[in-house]
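Sequence lines, in order, name chains V and R. Residue 387 in the working numbering sits at position 387 of the first sequence, and the numbers go up by one each step. Throughout, the working numbering is defined as the position within the second sequence, counted from one, plus 1000. C-beta atoms are modelled at their ideal positions from N, C-alpha and C, and glycine is treated no differently. So the structure is just underneath, and the comments pick up after that.
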Amino acid sequence: MKHYVIIGNGTAAVGCIEGIRSVSADGGITVISAENHPVYSRPLISYYLEGKTDLEKMRYRGEGFYEINGCRVIYGRKAVSVNTSGRTVILDDGSSVPYDSLCVAAGSRPFVPPFPGLETVGKKFGFMTMDDALELEKALSEDARVLIVGAGLIGLKCAEGICGRVGSITVCDLADRVLSSILDADCAAIVQDHLEKNGISFLLGDSVDKFCESKAYMKSGKQIDFDVLVLAVGVRANTELVKEAGGKVNRGIIINCRAETDLEDIYAAGDCTEGYDASTGTNRVLAILPNAYMQGYTAGVNMAGGCSVHDRAIPMNSIGFFGLHMMTAGSYEGEMTEEKIPAGIKRLFIKDGILKGFILVGACERAGIYTSLIRDRTPLDTIDLELTKKVATNLIFSQESRRKKFGGIV
Amino acid sequence: MKRVYVNEEWCLGCRLCEYNCAFANSGLGDMVLALKDRKIFPRIHVEGNDSITFAVSCRHCTDPICQKSCIAGAISKADGVVRIDRSKCVGCLTCVLVCPYGALSPGEDGIMQKCELCLENACGAPACVTGCPNKAIVYEERSDPE
Ligand SMILES: Cc1cc2nc3c(=O)[nH]c(=O)nc-3n(C[C@H](O)[C@H](O)[C@H](O)COP(=O)(O)OP(=O)(O)OC[C@H]3O[C@@H](n4cnc5c(N)ncnc54)[C@H](O)[C@@H]3O)c2cc1C
């Protein structure tokens, strides 16, 4: 019987476990979990601080998940290397775990630039894990001045989460706009305005030159006094285990659509990988939860001898801040169409007769119809394009196509 | 397994399904109390224009992408029914972003809700179907994707 090993215990690991078990009930699964927690919903750490969920509800899978799926979890241990010839994973206590089939689902870690003086800062935190959130929570107080470095998704979600529990929040970023990796300038301006109305201050196009205890000296010459520092500059994929074992890595571990690395019987999934992006036709790190699950699932199915191909992944995000929702997907290439409505703005990007991407701010109803047009590469001349630009509705499809969708098993 | 299917040719666009859905899931015994003068948040929605109308609700997909995408692990599938645990949902709307059928929308509180075929509420069978005056939505077993 095969023995499966999974490095990491996040969403990609769960996808892998459920993928394996969709094919086979046989064989044990060993999960190596650096974090001392059963799998939890990582994106919910800001909602936890906001009081919208609790540690129990944050559990990503129910009680008994590991037992039901025949998993042994080794908590609080890190894999330090993979011995491909001996087919073992070496842990940080020197022990080794043999594998027949291995999945590296090690996620990412925060990237911290070498800021001079960072070591002099007393209360500084990352914002990636449940433990980070619990540590940060201890430092929150009604009059605390918080400085968040990084106006990306993680930094802003953190800001929203703690906003009601601190005195003030300033967010700085080298980029000249918020959420620069997913929003264009106009949409970012709408979101920034909304965040400012909710009490968040920004210092954009500026970066920290150095820290000195509770003061940040910015490149622009500005100085910011703070009590609590949150570093959310960016993340780096955990590629080392595969790289050192001789596997191909770039910004992430390179995998194909079957979630295979180029090492025999070694798969990889989730934030640590670089896989196929169907919206651009190139390989990319797609560090989002749905992708982690689906890659993990694909890896699991294939590890257990089934056949699964994950070739329709695209970047996509759905986020809300203080009641304003935005959704983005795909890539922003080609011709842009715009529809302004009272509730917000809708921008679609069309190239070669195919929807490539979209940005929706405040106008998110039925957005999945747009997402499916990108994922399916639906030729736009087969649907009502003019209507599509205005509103996401099933009316854009032909009657025959609707009959299949709503009259059949899908 | 039985699912809700749509016969678009028969839909009158009367939206009774929306009202019956909202009532069935209100937990109230009196329809007037449940719906009068209130904005309703049904789990089935009639889409259309002047000439075509049809009702859209969860397809209970064989391979539900909403479940795989849920950042809170709040969506699950058992016995063919895709369900959401509203106590775990934080209202991020990722399921709305991925549902290819545009079948999902949040409830009044911003937390997601979805068609669970009225198996959990007092009806026991989809109220939208029971109340449809023209059999434009049916609840039945179909075998092949035609
Ligand atoms: C604050 C925040 C908000 C987010 N919001 C969203 C959102 O709204 N939507 C969305 O799609 N995504 C969101 N994400 C991203 C999402 O959380 C990730 O894409 C997802 O968790 C990736 O899953 P994963 O299993 O690949 O990695 P992870 O969840 O990071 O799990 C990897 C695990 O492996 C462990 N590990 C690493 N190295 C080793 C080792 N050598 N040995 C043993 N264990 C190891 C790590 O400790 C970690 O627990 C958010 C992330 C954060 C931090």
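Start and end of the beta strand (DSSP E) containing residue i?
{"i": "phenylalanine 111 of chain V", "result": "Where phenylalanine 111 of chain V is concerned, there is no enclosing beta strand (DSSP E), given that its DSSP letter is neither H nor E."}
{"i": "arginine 1083 of chain R", "result": "1081-1084"}
{"i": "glycine 1048 of chain R", "result": "1045-1048"}
{"i": "proline 98 of chain V", "result": "96-98"}
{"i": "serine 308 of chain V", "result": "Element bounds for serine 308 of chain V: n/a, residue is neither H nor E."}
{"i": "tyrosine 293 of chain V", "result": "Looking at the DSSP string, tyrosine 293 of chain V is not in any beta strand (DSSP E); the run it does join, the alpha helix (DSSP H), is 289-303."}
{"i": "leucine 360 of chain V", "result": "354-361"}
{"i": "serine 81 of chain V", "result": "79-83"}
{"i": "tyrosine 217 of chain V", "result": "215-218"}
{"i": "aspartate 143 of chain V", "result": "Neither: aspartate 143 of chain V is in no beta strand (DSSP E) and is coded neither H nor E."}
{"i": "phenylalanine 321 of chain V", "result": "316-321"}
{"i": "alanine 1127 of chain R", "result": "Unbroken run through alanine 1127 of chain R is the alpha helix (DSSP H), 1127-1130; no beta strand (DSSP E)."}
{"i": "methionine 327 of chain V", "result": "324-330"}
Determine whether the beta carbon atoms of residue i and residue j lie at a separation below 8 Å.
{"i": "methionine 336 of chain V", "j": "alanine 367 of chain V", "result": "no"}
{"i": "isoleucine 32 of chain V", "j": "isoleucine 68 of chain V", "result": "no"}
{"i": "isoleucine 341 of chain V", "j": "alanine 329 of chain V", "result": "no"}
{"i": "serine 22 of chain V", "j": "valine 301 of chain V", "result": "yes"}
{"i": "threonine 273 of chain V", "j": "isoleucine 255 of chain V", "result": "yes"}
{"i": "isoleucine 182 of chain V", "j": "asparagine 317 of chain V", "result": "yes"}
{"i": "valine 14 of chain V", "j": "tyrosine 293 of chain V", "result": "yes"}
{"i": "leucine 118 of chain V", "j": "phenylalanine 202 of chain V", "result": "no"}
{"i": "valine 5 of chain V", "j": "tyrosine 75 of chain V", "result": "no"}
{"i": "phenylalanine 127 of chain V", "j": "isoleucine 169 of chain V", "result": "no"}
{"i": "alanine 304 of chain V", "j": "isoleucine 20 of chain V", "result": "yes"}
{"i": "arginine 236 of chain V", "j": "phenylalanine 111 of chain V", "result": "yes"}
{"i": "alanine 133 of chain V", "j": "leucine 204 of chain V", "result": "no"}
{"i": "glycine 362 of chain V", "j": "alanine 343 of chain V", "result": "yes"}
{"i": "isoleucine 29 of chain V", "j": "glycine 70 of chain V", "result": "yes"}
{"i": "valine 1032 of chain R", "j": "phenylalanine 406 of chain V", "result": "no"}
Between residue i and residue j, which are expected to be in contact by the criterion C-beta below 8 Å, what is the C-beta distance as a whole number of angstroms?
{"i": "cysteine 1021 of chain R", "j": "isoleucine 1044 of chain R", "result": "5 Å"}
{"i": "lysine 123 of chain V", "j": "aspartate 227 of chain V", "result": "7 Å"}
{"i": "aspartate 209 of chain V", "j": "lysine 219 of chain V", "result": "5 Å"}
{"i": "proline 1126 of chain R", "j": "valine 1004 of chain R", "result": "6 Å"}
{"i": "glutamate 1047 of chain R", "j": "leucine 395 of chain V", "result": "6 Å"}
{"i": "alanine 1074 of chain R", "j": "aspartate 1063 of chain R", "result": "With a Cβ gap of about 18 Å, alanine 1074 of chain R and aspartate 1063 of chain R do not count as contacting."}
{"i": "glycine 270 of chain V", "j": "alanine 105 of chain V", "result": "5 Å"}
{"i": "threonine 371 of chain V", "j": "leucine 1104 of chain R", "result": "Between leucine 1104 of chain R and threonine 371 of chain V the Cβ distance is about 12 Å, and since that is not below 8 Å, they are no contact."}
{"i": "glycine 320 of chain V", "j": "leucine 1093 of chain R", "result": "7 Å"}
{"i": "phenylalanine 349 of chain V", "j": "glutamate 333 of chain V", "result": "6 Å"}
With a 10 Å radius around its C-beta and 16 neighbouring C-beta atoms as the bar for buried, classify residue i as buried or exposed.
{"i": "arginine 72 of chain V", "result": "exposed"}
{"i": "glycine 64 of chain V", "result": "exposed"}
{"i": "glycine 1080 of chain R", "result": "exposed"}
{"i": "alanine 399 of chain V", "result": "Contrary to the premise, residue 399 of chain V reads as glutamine rather than alanine in this sequence. It counts as exposed."}
{"i": "threonine 282 of chain V", "result": "exposed"}
{"i": "lysine 57 of chain V", "result": "buried"}
{"i": "asparagine 1134 of chain R", "result": "exposed"}
{"i": "arginine 284 of chain V", "result": "buried"}
{"i": "threonine 129 of chain V", "result": "buried"}
{"i": "aspartate 131 of chain V", "result": "exposed"}
{"i": "cysteine 1070 of chain R", "result": "buried"}
{"i": "asparagine 9 of chain V", "result": "buried"}
{"i": "asparagine 1049 of chain R", "result": "exposed"}
{"i": "lysine 1036 of chain R", "result": "exposed"}
{"i": "glutamate 1146 of chain R", "result": "Reliability of the predicted coordinates at glutamate 1146 of chain R is poor, the pLDDT of 43 falling under 50, and no value is obtained from them."}
Give the range of the alpha helix (DSSP H) segment to which residue i is assigned.
{"i": "tyrosine 1019 of chain R", "result": "1016-1024"}
{"i": "isoleucine 154 of chain V", "result": "153-162"}
{"i": "aspartate 186 of chain V", "result": "185-197"}
{"i": "cysteine 16 of chain V", "result": "11-23"}
Note to self: Within 8 Å, do at least three Cβ pairs link the segment 150-162 of chain V to the segment 228-242 of chain V?
What the structure shows: yes
Note to self: Does the contact criterion of 3 or more C-beta pairs under 8 Å hold for the segment 375-385 of chain V versus the segment 347-359 of chain V?
What the structure shows: Yes, since at least three Cβ pairs between the segment 375-385 of chain V and the segment 347-359 of chain V fall closer than 8 Å, the two stretches touch.
Notebook entry, point to check: Does the segment 172-190 of chain V come close enough to the segment 84-91 of chain V that 3 or more CB-CB pairs lie under 8 Å?
Noted result: Two segments are said to touch when three or more pairs of C-beta atoms, one from each, lie closer than 8 Å; by this definition the segment 84-91 of chain V does not touch the segment 172-190 of chain V.
Next item on the list: Take every Cβ of the segment 235-250 of chain V, pair it with every Cβ of the segment 161-168 of chain V, and state whether three or more of those distances are shorter than 8 Å.
Entry: No: the two stretches stay apart, fewer than three of their Cβ pairs being nearer than 8 Å.
Notebook entry, point to check: Taking one C-beta from the segment 1120-1132 of chain R and one from the segment 1004-1021 of chain R each time, how about it: are there three or more such pairs within less than 8 Å?
Noted result: yes
Next item on the list: Say whether the segment 179-194 of chain V touches the segment 257-266 of chain V, bearing in mind that this needs 3 or more beta-carbon pairs closer than 8 Å, one atom from each stretch.
Entry: no
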